[in-house]
Structures are given as C-alpha cells and as structure tokens.
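Participant: My questions will all concern the structure given below.
In the working numbering, the protein residues as written are 165 to 448.
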C-alpha cells in the first residue's frame, strides 16, 4: 500500500523538486514532438505518392542527444541541471555563447510551481499526483499549441483516458460525471465547430480543441465544463482583441484556443467549485 509523507510541506517540496526534473523533459517534448509528427506526415505522404521516405535522421524524444541548435555542442549532464545550469552558464551555450531561450528555465520553474501548488492544495495522496500530471500535460499542450497551432493526439487522448482512470476511484469526481464530462466536452465544441462552419463556410477551431475539452471533462466532470468554456472564451476573446488593437494581429490570422482551455482547466482544478458557487449565487 502506498504511503505518503505525513508533512504536507515536505510533500510539496519533494514534488516541486521532481517537477524541476520533469520540466526539463517537458522542454524536450515541446520542442521535438511537433517535429516528430511532421516527419511522420512526410513519410506517410511519400508512401501515398509511391516515393521513398525522406532520408532525414529519425527523431525521437530520446535521440539524438540534446545539443545546441547553433553550434551542435552536445549538452552534458552538468549543463542540463534544471534552472541551476542556466544560471551558472549565464543563459548562454558553453561552447559558442549563443543565448539559451529564457523559455527553457521558465518551463522548468512553472512545472515545479504547478506541482507544489497541486501538492499544497490537495495534500499528500493520489489527488495531488493526478492533479500534477494533468497540469504538466496542460502546460505542454498550451506551449505546443502556441508554437504550432497543434494539440497532438498523443497527449490529448492519453490525458482523457488517464482522467477516467483516476476517477474510477472518484479522486476528483464520480465516474459517471467523468464519462458524461468527456462526452459533453467533445460534443460541445464539435457542435460549435459545425454551426460556425455551416454559417460562415470557415473552420473556427481544430479537432484538438474538442479532445482537450473532453479530457478536461473526464478529469473534472461535466458540471465544470460551463466554467471552463466561459473562462477560456472570455480570456481568449480579450487577448485576441488586445492583439488586434495593440500588436497589429491580422483579423483573419488564427489564434490558438488550446492555451486558454488549458489555463481555464487549471483554474477550474483549483477554484472551480468556488467559481460555480459564485456563478450560481449570482443567478439566484
């Protein structure tokens, strides 16, 4: 039987330290997974055309070894210590002194803070572990969507099934609520997609958004879906208007919706019950 540290502070610190290590791995996933998908698509297209597959070196999360994109310098273990190596290197490659993007240590730090927040909020136990896994995946999906406007099935679908698995024991919501949440989450945005397409002839969002909301429904239950949709829509609309007015963002240029769904899901995880009570109170 699994035993957890009795001291909540110790548990939060331990999970945060582990979060730093996982944050380093998340940086690899964020950088490589879209490129792995692109390689796979190119190979499939070549096969359909009856051509040989592209001769590019196979890419995976494990190979090739991490290296500087500017000079190819292999990153040693001492240069890959989360946060600490970035500070000791002054934010630059040891070999060519090219600047290391600030996003790498920020992802590591965010992963640690999210883990600590989950541990502190839920206390030692499976709830905190599940919440941490959910938050790490949402962080990864949000950044990938910002970079590429993709929400990979290899992340959204396992996230959905993992939510149902955790709720087999009712860790977040009863299993029936989780199952209905998964179905309702997918169908809600699927319906919006088709209504918008029938009305305008354009696609307003991608299928990855449906699957992400379905995954959030599987974790948090169907009662949390209106809060998630409302939060993500308000924030997304506000940011979109600000980008068009302040940054000259073209009106017809798509804005990824995944980061707002991910942020809304994280907010609902921590404070969804309070927000629902506040909303119901306002209606009453």
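Backbone N, C-alpha and C fix where the C-beta goes; we use that ideal spot for every residue, glycine too.
If you scan the stretch 279 to 310 from start to end, which runs of the alpha helix (DSSP H) of 4 or more residues do you find wholly inside it?
Facilitator: As far as the stretch 279 to 310 is concerned, it has no whole alpha helix (DSSP H) run of at least 4 residues.
Participant: With residue 378 and residue 350 assumed to form a contact (beta carbons below 8 angstroms), what rounded beta-carbon distance in angstroms separates them?
Facilitator: Right, the Cβ-Cβ distance comes to about 4 angstroms (below 8 angstroms), so this counts as a contact.
Participant: Residue 180 to residue 290, Cα distance in whole Å?
Facilitator: Distance between the alpha carbons of residue 180 and residue 290 is about 16 angstroms.
Participant: Taking all protein chains shown into account, decide if residue 443 is buried (16 or more other Cβ within 10 angstroms of its Cβ) or exposed.
Facilitator: Residue 443 is exposed by the Cβ-count criterion.
Participant: Could you say which of 364, 382, 399, 363 lies nearest to residue 347 if we only look at CA atoms?
Facilitator: Minimum Cα distance to residue 347 is reached at 382.
Participant: Is residue 248 buried or exposed, if buried means 16 or more other CB atoms sit within 10 Å of its CB?
Facilitator: Exposed.
Participant: Between residue 339 and chain D, is the shortest Cβ-Cβ distance under 7 angstroms, so that the two count as touching?
Facilitator: In the displayed structure, chain D is absent; only one protein chain is listed.
Participant: Quick one: what's got a C-beta closer than 8 angstroms to residue 328's C-beta in the same chain, skipping five residues either side?
Facilitator: Hits under 8 angstroms: 339, 342, 343, 346, 382.
Participant: Looking at C-beta atoms only, is the number of pairs between the stretch 389 to 397 and the stretch 420 to 429 that lie closer than 8 angstroms three or more?
Facilitator: Contact holds: three or more Cβ-Cβ distances are below 8 angstroms.
Participant: Going by alpha carbons, who is nearest to residue 262 out of 271, 187, 419, 232?
Facilitator: Checking every option, the nearest Cα to that of residue 262 belongs to 232.
Participant: So what does residue 238 bridge to, in DSSP terms?
Facilitator: BP columns for residue 238 point to 231.
Participant: What does residue 263 pair with, by DSSP beta-bridge criteria?
Facilitator: 256.
Participant: Taking DSSP as the reference, what is the three-state secondary structure of residue 195?
Facilitator: The answer is helix: DSSP assigns residue 195 an H, G or I state.
Participant: Taking the CB atoms as reference points, tell me whether residue 309 and residue 172 lie closer together than 7 angstroms.
Facilitator: Going by C-beta atoms, residue 309 is not nearer than 7 angstroms to residue 172.
Participant: Just mark residue 287 as buried or exposed, buried being the case when its beta carbon has 16 or more other beta carbons within 10 Å.
Facilitator: Under this definition residue 287 is an exposed residue.
Participant: How about residue 243 and residue 184: are their beta carbons less than 7 angstroms apart?
Facilitator: No; because the gap between Cβ atoms is not below 7 angstroms, this pair is not in contact.
Participant: According to the Cβ coordinates, are residue 193 and residue 304 closer than 7 angstroms?
Facilitator: Yes; because the gap between Cβ atoms is below 7 angstroms, this pair is in contact.
Participant: How many whole angstroms separate the CB atoms of residue 418 and residue 313, which I take to be in contact at a CB cut-off of 8 angstroms?
Facilitator: Confirmed, Cβ separation roughly 6 angstroms.
Participant: Which residue wins for smallest C-alpha separation from residue 234, given the options 213, 214, 257?
Facilitator: Comparing Cα positions, the closest option is 257.
Participant: Less than 7 angstroms between the C-beta atoms of residue 319 and residue 301, yes or no?
Facilitator: Contact flag set, yes.
Participant: Can you tell me whether DSSP reads residue 366 as helix, strand or coil?
Facilitator: Residue state, collapsed to three classes: coil.
Participant: Looking only at its own chain, which residues have a Cβ that is under 6 angstroms from the Cβ of residue 330, when we skip the five neighbours before and after it?
Facilitator: Only 294 meet the Cβ criterion.
Participant: How many Å lie between residue 324 and residue 311 at the Cα?
Facilitator: Using only the alpha carbons, I get a separation of about 22 angstroms.
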